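**Q** For the sequence shown, my numbering gives the first residue as 523, with consecutive numbering after it.
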Amino acid sequence: MPSSTGPAGRPVVVSVGGSILLTGKDDLGYLRQLAELLGRVGRAGPLVITTGGGRTAREYIDLGRGLGLTDVELDELGIDVTRLHARLLAGALGLPTPTHPPTTVREAVEALRHGSPVVLGGTEPGHTTDGVAALVAARLRAARLVNATSVDGIYDSDPRTHPEARRIDRQSWPEFLRFVRSAATGEPGQTFLFDRLGAETLSRASIPLRVVDGRNLVNFERACLGQPFDGSEVGG
Numbered sequence: 523m524p525s526s527t528g529p530a531g532r533p534v535v536v537s538v539g540g541s542i543l544l545t546g547k548d549d550l551g552y553l554r555q556l557a558e559l560l561g562r563v564g565r566a567g568p569l570v571i572t573t574g575g576g577r578t579a580r581e582y583i584d585l586g587r588g589l590g591l592t593d594v595e596l597d598e599l600g601i602d603v604t605r606l607h608a609r610l611l612a613g614a615l616g617l618p619t620p621t622h623p624p625t626t627v628r629e630a631v632e633a634l635r636h637g638s639p640v641v642l643g644g645t646e647p648g649h650t651t652d653g654v655a656a657l658v659a660a661r662l663r664a665a666r667l668v669n670a671t672s673v674d675g676i677y678d679s680d681p682r683t684h685p686e687a688r689r690i691d692r693q694s695w696p697e698f699l700r701f702v703r704s705a706a707t708g709e710p711g712q713t714f715l716f717d718r719l720g721a722e723t724l725s726r727a728s729i730p731l732r733v734v735d736g737r738n739l740v741n742f743e744r745a746c747l748g749q750p751f752d753g754s755e756v757g758g
């Protein structure tokens with residue numbers, strides 16, 4: 523179980539995967555509880571949250587690909603979905619979270635000066651919301667980035683399809699970068715644990731990455747607050 527990292531008071535960034543936002547299993551109840559959790563964390567210290575597109579974004583991207591849209595246009599479809607998810611979560615959080623989420627890293631950093639938490643979706647083609655979260659974290663010199671996803675950590679293979687997969691509780695940045703570079707191609711709609719831009723950005727900035735099951739809310743909150751948690755940590 524990784525231990526607490528980062529001094530108190532520094533910003534925290536959370537990347538909430540689309541794979542846990544809309545699953546078809548009590549999404550309304552989950553979003554309400556998630557907003558309560560993030561509201562508490564955001565009151566404890568500066569917090570920025572990015573929201574992914576998940577299955578909904580992939581469905582639009584698949585349709586667009588069938589219609590002959592370019593990769594840039596496909597990325598833009600996905601970004602629109604992530605911004606809808608950001609609107610949902612921002613609405614659930616209420617003030618002082620901006621009702622209309624920022625659309626750039628710079629706007630998100632500026633919005634944090636006026637209140638916490640801040641929620642945003644994607645920003646531009648070629649950048650996943652994991653990458654956006656990492657860019658925000660680097661700009662803010664964040665204490666940590668928490669990646670809330672549909673698995674409970676980093677595995678040497680996909681645990682959803684490989685029962686023998688082994689969880690890796692701690693990794694160095696060079697080890698994790700090798701893993702990410704072998705898995706992520708940058709193709710629109712691709713599913714992967716964490717994207718290459720995000721990993722490389724966090725590595726250069728020496729910001730720890732925590733990976734947790736985003737539907738285990740008690741553990742998710744511990745990871746956000748820098749407390750001991752059940753999951754994986756890179757660079758901590």
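The beta-carbon is built from N, C-alpha and C at its ideal position, and this holds for glycine as well.
Given the structure is predicted, the values throughout are model-derived calculations rather than measurements.
Going by beta carbon distance, what residues of the same chain come within less than 7 Å of R609, once the five residues before and after it are set aside?
**A** Sequence index remark: in the sequence shown, residue 609 carries index 87 (1-based). So the qualifying residues of the chain are P623.
**Q** To the nearest angstrom, report how far apart D593 and V654 are at their CA atoms.
**A** Along the sequence shown, read from residue 1 onward, the residue named residue 593 stands at position 71. Along the sequence shown, read from residue 1 onward, the residue named residue 654 stands at position 132. Distance between the alpha carbons of D593 and V654: 18 Å.
**Q** Work out the CA separation of L611 and V563 for me, nearest whole Å.
**A** For this step, residue 563 is matched to residue 41 along the sequence shown. For this step, residue 611 is matched to residue 89 along the sequence shown. Cα to Cα, V563 sits roughly 14 Å from L611.
**Q** Pull the bridge partners of E755 from the DSSP assignment, please.
**A** To locate residue 755, count along the sequence shown from 1; it is residue 233. In the DSSP output, where bridge partners are listed per residue, E755 has R692 and R732.
**Q** Residues bridged to I571 by DSSP?
**A** Translated into the one-based positions of the sequence shown, residue 571 becomes position 49. Looking at the DSSP assignment, I571 forms a beta bridge with V536 and V641.
**Q** Quick test of the definition: if touching needs 3 or more C-beta pairs under 8 Å, does the stretch 594-601 touch the stretch 635-655?
**A** Cβ pair count under 8 Å is three or more, so yes.
**Q** Let me know the alpha helix (DSSP H) ranges lying completely inside the stretch 582-642, each 4 residues or longer, listed in chain order.
**A** Here the runs fully enclosed are 593-615 and 627-634.
**Q** Give me the residue from G567, P750 and V733 with the minimum Cα distance to T671.
**A** Taking the sequence shown and counting its residues from 1, the one referred to as residue 671 is at position 149. With distances taken between Cα atoms, T671 lies closest to V733.
**Q** What residues are listed by DSSP as bridge partners for L667?
**A** Stepping through the sequence shown from its first residue, residue 667 is reached at position 145. BP columns for L667 point to V535 and L731.
**Q** From E755 to V668, what distance separates their C-alpha atoms?
**A** Here residue 755 refers to the residue found at position 233 of the sequence shown. Here residue 668 refers to the residue found at position 146 of the sequence shown. Rounded to whole angstroms, E755 to V668 spans 9 Å at the Cα level.
**Q** Buried or exposed, going by whether 16 or more other CB atoms sit within 10 Å of the CB of G546?
**A** The residue given as residue 546 occupies position 24 in the sequence shown. The residue is exposed, with fewer than 16 neighbouring Cβ atoms inside 10 Å.
**Q** For my contact list, V638 and P696 are in at a C-beta cut-off of 8 Å; report their separation, rounded to the angstrom.
**A** Walking along the sequence shown from the start, residue 638 turns up at place 116. Walking along the sequence shown from the start, residue 696 turns up at place 174. Position check: residue 638 holds Ser in this sequence, whereas Val was assumed. Going by Cβ atoms, the distance from S638 to P696 rounds to 33 Å, so no, they are not a contact pair.
**Q** Are the stretch 736-745 and the stretch 534-543 touching by the rule of at least three beta carbon pairs closer than 8 Å?
**A** Touching, yes, given that three or more Cβ pairs across the two stretches are closer than 8 Å.
**Q** Using CA atoms only, rank isn't needed, just tell me which of R692, Q749 and P620 is closest to L642.
**A** Here residue 642 corresponds to residue number 120 of the sequence shown, with the count starting at 1. Nearest option by C-alpha distance: P620.
**Q** When the Cα atoms are used, what is the spatial distance from I676 to G720?
**A** In the sequence shown, counting from the first residue as 1, residue 676 sits at position 154. In the sequence shown, counting from the first residue as 1, residue 720 sits at position 198. Their Cα atoms are separated by approximately 15 Å.
**Q** Nearest to E558 by alpha carbon, out of T578, G616, A656 and L589?
**A** By 1-based counting over the sequence shown, the position of residue 558 is 36. The shortest Cα separation from E558 among T578, G616, A656 and L589 belongs to G616.
**Q** Please classify L757: is it buried, with 16 or more other beta-carbons within 10 angstroms of its beta-carbon, or exposed?
**A** What you label residue 757 is simply residue 235 of the sequence shown in a count that begins at 1. The displayed chain sequence assigns Gly, not Leu, to residue 757. Buried, since its Cβ has 16 or more Cβ neighbours within 10 Å.
**Q** Tell me the residue span of the alpha helix (DSSP H) that contains F742.
**A** What you label residue 742 is simply residue 220 of the sequence shown in a count that begins at 1. Unbroken alpha helix (DSSP H) run through F742: L739 to L747.
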